[in-house]
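*Asks:*
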Amino acid sequence: MKLIRKRFYPEEEIDISSDQIIYLDDTVLVTKWLPIKKREDIKWGASCIYFEKGVKISKVYGHDDRLIYTYCDIINTRKDNEKIITEDLLVDVVVYPDGSYKVMDIDELVVLRRENRISEEIVLDALYKLNFLLNDIYNGFGLDKVEEYLKEKGVKVQNDNNW
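Structural data, given as structure tokens:
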């Protein structure tokens, strides 16, 4: 299965097929991954994409295999039998281990709309999905099931370097 990450800002399309697919069905994709570019702060991560909900929840781990934060992307996905394309809708929420959180990149959404680089429909879709995600966070963060999926599939919640 080919995995593609598409972004509006910066405008790019990246093949992330090196991500390890842990689980895939009609509603969810769970992957384990290494950063696209080597980073001093991040060793590895695992993500859960909810196709119909338009949300990607990523657990991001440091070099000591401790959780740094949970990064939540607002997305659209397109999939067929050969590939899954995840389109980043710019707005993100970072949830820290202590439960605090930060909404990010709404300014990018506004700037790209003003420059007519994205449609009003994309802005409205992103805001609708952001509202859904924030309500989930306020009510116990039920979408945060990445580690649950990993454990269910027998994957250690640490990087064993067996890609």
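With full-length UniProt numbering, letter number 47 in the sequence shown gets 47, and the count goes up by one each step, no holes.
All C-beta atoms, glycine included, are put in the ideal place defined by N, C-alpha and C.
None of the values given here were measured: they were computed from a predicted structure.
1. Looking at C-alpha atoms only, which residue of Ala46, Val30, Leu150 is the closest neighbour of Tyr69?
2. From Tyr61 to Lys43, what does the alpha carbon distance come to, in whole angstroms?
3. Quick one: grab the DSSP three-state call for Tyr138.
4. Would you check if the stretch 23 to 36 and the stretch 48 to 55 touch, i.e. whether three or more CB-CB distances between them fall below 8 Å?
5. On the CB-based measure, 16 or more other CB atoms within 10 Å of its CB, does Gly140 come out buried or exposed?
6. Tell me whether Asp19 is buried or exposed, calling it buried when 16 or more other Cβ atoms sit within 10 Å of its Cβ.
7. First and last residue of the alpha helix (DSSP H) that includes Val110?
*Replies:* Quick look at the numbers:
1. Ala46
2. 6 Å
3. helix
4. yes
5. exposed
6. buried
7. 106 to 114
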